[in-house]
Amino acid sequence: MKKELERWESTTLKKFLEKKGERGEFVLDFGPEIERLYTPAHLKDWDYLSRLGFPGEFPFTRGVYPTMYRGRLWTMRQYAGFGTAEETNKRYKFLLEQGQTGLSVAFDLPTQVGYDSDDPMALGEVGKVGVAIDTVEDMRILFDGIPLDRISTSMTINSTAAILLSMYQIIGEEQGVSSMALRGTIQNDILKEYIARGTYIFPPQPSMRLVADTIIYCAENIPKWNPISISGYHIREAGSTAVQEVAFTIADGIEYVRWITRRGVDVDKFAPRLSFFFAAHNNFFEEIAKFRAARRIWAKVMRDRFGAKNPKSCMMRFHTQTGGSTLTAQQPLNNIIRVAIQALAAVLGGTQSLHTNSYDEALALPTRKSVEIALRTQQIIAYESGVADTIDPMGGSYYLEWLTDTIEEEVWKYIDKIDEMGGMTRAVEMGYVQKEISDSAYRIQMDIESGKRVVVGVNKFTTDEEINIEIMKVSEEMAQRQIERLRRFKASRDAMRVKDALDALRRVAEKEEDNKNNIVPFIYSAVKSGATLGEIVHALKDVFGEYRAPTVI
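No gaps in the numbering here: position 496 of the sequence shown is 495 in numbering that gives the first Met the number 0, and each next residue is one more.
Right, here's the structure in full:
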């Protein structure tokens, strides 16, 4: 091996690596220059094979399962939701008929931040960016005719996650599906809301209590459910680099595990159900390497920092969504190609679940036709491309392994810095993470405006052709129907029973955080009594207050 390494470092090779007549500068977003050719000399040492390992074995660089897609393809899970539960239910049934293998619920903004559809704060936003869910009746309609014992459901919801989970649990029971059998995921990642997305309600400390309570509740009552999807997607969409996406996501994960283990819960009791969520952007090899590095880092964190003994506790299982921020309103059909490249990177990176964006999403919610093309993109990759025929076909590429090692090194630097600050909650409260992302977003935007970073159809290869595609619009009549149904629901319930349930919820929220005072069973009881999402949030606001973000300069 030593002689082989010396040969690669020979004078002949060095001459070959001299840069002559190249068309520009080649660097990655997080700094390193890209060499024109990669050889074993670029790897740290000849021990890189041990860092690779085997699929399904620590440190999971090559995938979390021994057979990967040879055993089972990733879950094809298109994110969808708009208007009322009736309209979204129709879209779900269409997608399932077209071969989608899992559901993913998009909620409207009022649902995400805890307002009922008839609240003045919800005016103009009901059903616009997702489906409006105010009550368990709405959830019942949303999944009408969809067997919850055969379909896994992902719900992109954070501040109000425990409420939506309780609604789902109740309708599962109504279908005769035991909570022990329900499969799916709630996002429930509040830290990234403070960092990048903004749909928080309560201050960080009570919000973290709610997250921890939900994870502990699921471990005991809904064991096949993923109680959190620790999300780098929104961090990346806010303008971070790939390294920052992985670093801040894993730092969030470390913080959640710390909060739960300090309550005396054994790490192996809940860690196997932790899941992650990443973006896939356009730099094909960087994205593949990012996924591989993330798995390796998380495995080391769980084993070395938290003493996890169950191999499943060290497995980073993740969902991927193609990058919404990479889609352009100009020449929107170009987005089909972008999404295909990103989806292929996610698959070669070993994702467990995938959403492919629709080409028209820079303009509006996707139409039925555009979402069908997005789903077909996944199906063509799965069944026609051959990339799922062997496990980790990219493993061993000198460039890819160098890139994986480099990303890992840079991620550890961020994690160490956040540790020095006292953990992710403190780093968020100080505004450190937010500033790092905003600085990165600014640099990227300046590169686009200067032309240094090419975006086809935006700053190069532009045309004056008018956009001529079908645009989906959510009618105001849908919102009015939702409000009228909510009013009927409120009028038909037992008001005293609702009041008693909400009072009990306030009382437990006032108590000190511990495993005996888990809030989630009281949220479940409030939903069961007929309380609305907005009423439950209001009761918790009475105790926790509301969060106002500090100004970061």
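Yeah, the Cβ is synthetic: ideal placement off N, Cα and C, and Gly gets one too.
Treat the numbers as computed from the prediction; the structure is a model and nothing was measured.
Pick from the options: whose alpha carbon is nearest that of residue i?
i	options	result
E136	L181, M120, R452, Y167	Y167
I215	Y232, P271, K191, R149	P271
Q377	E400, G306, L72	L72
L95	I132, T83, L147	L147
E464	D415, G456, I470	G456
F283	S165, Y398, E483	Y398
S178	A218, Y199, L485	A218
W224	E509, S274, A361	S274
R50	G197, I296, I535	I296
K416	M207, I249, I229	I249
A440	A195, L501, I145	A195
H280	I259, T319, L164	T319
F29	T184, V245, A548	V245
V266	N309, D388, F247, E435	N309
W411	V519, L164, K299	K299
M471	K92, L362, G197, S165	L362
V26	T240, G129, K540	T240
Pull up the CB-CB distance for residue i and residue j, whole angstroms please, since I reckon it's below 8 angstroms.
i	j	result
G422	E254	5 angstroms
E34	V242	That pair is no contact at about 18 angstroms.
R316	L326	Not really, about 26 angstroms apart at Cβ, beyond 8 angstroms.
D391	G430	Actually they do not touch by this definition, with Cβ atoms about 39 angstroms apart.
I156	Q111	6 angstroms
I145	G101	Between G101 and I145 the Cβ distance is about 11 angstroms, and since that is not below 8 angstroms, they are no contact.
F276	I229	7 angstroms
R294	F59	4 angstroms
Cutting at 6 angstroms between CB atoms, please list the residues of its own chain near residue i, excluding the five before and the five after it.
i	result
F521	A503, L504, V507
T403	A288, R291, A292
T134	F488, T531
F543	F201, P205
V104	G80, M154
T496	Checking the sequence shown, residue 496 turns out to be Arg, not Thr. Taken in chain order, the residues that qualify are S528.
Y523	S165
G129	G80, A105, F106, D107
If you reduce the DSSP assignment to three classes, tell me which class residue i lands in.
i	result
K299	helix
F57	coil
R547	coil
M0	Confidence at M0 is low in this model, with a pLDDT of 49, below 50, so the placement of that residue should be treated as unreliable; the coordinate-derived value is given next. Three-state result, M0: coil.
Q329	coil
M179	coil
T66	coil
V457	coil
N256	Note that residue 256 corresponds to Val in the displayed sequence, not to Asn. DSSP places V256 in helix when its eight states are reduced to three.
F305	coil
Y431	helix
Y199	coil
I132	coil
N514	helix
I170	helix
S165	helix
N88	helix
Please return the same chain residues whose Cβ sits closer than 8 angstroms to the Cβ of residue i, not counting the five positions on each side in sequence.
i	result
N514	I215, R262, G263, V264
S474	G82
Q99	M75, R76, Q77, L374
V125	D107, P109, S116, A131, M477, A478, Q481, I482
K368	E469
R304	I253
I443	D28, G238, R452
In its own chain, which residues sit with a C-beta less than 7 angstroms from the C-beta of residue i, not counting the 5 before and 5 after it?
i	result
I380	A342, L343, V346, V386
V210	N187, I189, I227, Y255
Q560	Coverage of the chain is limited to positions 0 through 552, which leaves residue 560 absent and any answer about it impossible.
T405	P31
Y382	none
**Study point:** Cβ contact (3+ pairs, closer than 8 angstroms) linking the stretch 329 to 340 and the stretch 35 to 43
**Key:** no
Point to revise | Cβ pair count under 8 angstroms reaching 3, the stretch 133 to 149 against the stretch 81 to 96 | key: yes
Exercise for review: Examine the Cβ distances between the stretch 197 to 205 and the stretch 165 to 182 and report whether three or more of them are shorter than 8 angstroms.
Suggested key: no
Check your understanding: Do the stretch 52 to 68 and the stretch 114 to 131 meet, that is, are 3 or more Cβ pairs less than 8 angstroms apart?
Key -> no
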